[in-house]
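Novice:
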Amino acid sequence: MLGFYLTSHPLSEHLGTLSAYCSHTTEAAAKLEHRTEVMLGGLVSAIAVKHSKRADPGRPTRYAMFDLEDTEGAIRCICWPEQFVIYEDVIKPDAIVVARGAVDKRPGSEEVNLIVNEIIPLADLSARYTRGVLIRIDEGHHGPQKLQQLHEILRGYPGKAELQLMICLADGSKVSCKCSDLSLTINAEMRTRVDELLGQGNFRLITAAPSVGAKNGNGRGWR
240 MLGFYLTSHP
250 LSEHLGTLSA
260 YCSHTTEAAA
270 KLEHRTEVML
280 GGLVSAIAVK
290 HSKRADPGRP
300 TRYAMFDLED
310 TEGAIRCICW
320 PEQFVIYEDV
330 IKPDAIVVAR
340 GAVDKRPGSE
350 EVNLIVNEII
360 PLADLSARYT
370 RGVLIRIDEG
380 HHGPQKLQQL
390 HEILRGYPGK
400 AELQLMICLA
410 DGSKVSCKCS
420 DLSLTINAEM
430 RTRVDELLGQ
440 GNFRLITAAP
450 SVGAKNGNGR
460 GWR
């Protein structure tokens, strides 16, 4: 009730997934200009369903207001009737979702809302917005043997997602390549096996979310 958790935050285990697809945090979104489009991820709470007073005859009137909470704060979201008809079943207490919408910040007001256009459940993010995977290999740390072991792991998960490698050579240079003869099915088991082989931080999703923020549509982060 007070916004404190006796254990870890419910979003803690999903931070990697959310950061791959979201363009901003709630705190960063609150500083943006009016009507800036964003993708925000978090926990749904404080839901209130109301009826619009200005709906045309025969059109839906029910809309929802709810808080979307991440680890930095919360933002009030408004899902108008046309969208609420589509996403009513997704807007549930404690659901973890990503909301795509526009920042609503009226002149002279400190209140910031998000006008929701789309809501994507956490479980649907990978299937909808993952284009492939980028894996980093360090010549000095991993060596040729682990590269061969990586190939053996990946060939066991054939699919349609593209595979890219970033090879960090011992002289400090980097080589990027796309593996045209090996496409993957990306799942938690495969990712766990790659992390166990190469260590954490060498596996990145190549996302293809709507173009709303600096993190969109790429596997950036290693330069």
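For the record, in the sequence shown the residue sitting at position 56 is 295 according to this note's numbering, with numbers rising by one throughout. All residues carry an ideal CB built from backbone N, CA and C; glycine is no exception.
According to DSSP, which residues form a beta bridge with residue 286?
Specialist: DSSP output for residue 286 lists no bridge partner at all.
Novice: Quick test of your reading: residue 299 and residue 321, contact by CB under 8 Å. State the CB separation rounded to the nearest angstrom.
Specialist: 7 Å
Novice: Taking residue 250 as the reference, which of 295, 309, 302 has the closest Cα?
Specialist: 309
Novice: Please report the distance separating the alpha-carbon of residue 422 from that of residue 371.
Specialist: Straight-line Cα distance between these residues: approximately 8 Å.
Novice: Quick check on this structure: which residue in 380, 399, 403 has the alpha carbon closest to the alpha carbon of residue 390?
Specialist: Checked all of 380, 399, 403; the closest Cα to residue 390 is 403.
Novice: I'd like the list of long-range same chain contacts for residue 280, defined as Cβ closer than 6 Å, with 5 residues on each side in sequence excluded.
Specialist: In the same chain as residue 280, and ignoring 5 residues on each side of it, the C-beta atoms closer than 6 Å to its own belong to 257, 261, 337, in chain order.
Novice: Quick one: Cα of residue 407 to Cα of residue 358, how far?
Specialist: 38 Å
Novice: Of the choices 306, 351, 420, whose alpha-carbon is the least far from that of residue 393?
Specialist: 420
Novice: DSSP three-state label for residue 293, please.
Specialist: Coil at residue 293, not helix or strand.
Novice: If residue 302 and residue 317 are in contact, beta carbons under 8 Å, what's the gap, nearest whole angstrom?
Specialist: 7 Å
Novice: Any idea which residues DSSP pairs residue 317 with across the strands?
Specialist: 304, 354
Novice: Identify, in the order they occur along the chain, each residue of the same chain with its Cβ nearer than 6 Å to the Cβ of residue 319, setting aside the five sequence neighbours on each side.
Specialist: 302
Novice: Cutting at 7 Å between CB atoms, please list the residues of its own chain near residue 283, excluding the five before and the five after it.
Specialist: Around residue 283: 305, 307, 330, 331, 332, 333, 334, 336.
Novice: Could you tell me the boundaries of the beta strand (DSSP E) in which residue 404 lies?
Specialist: Residue 404 -> beta strand (DSSP E) spans 397–407.
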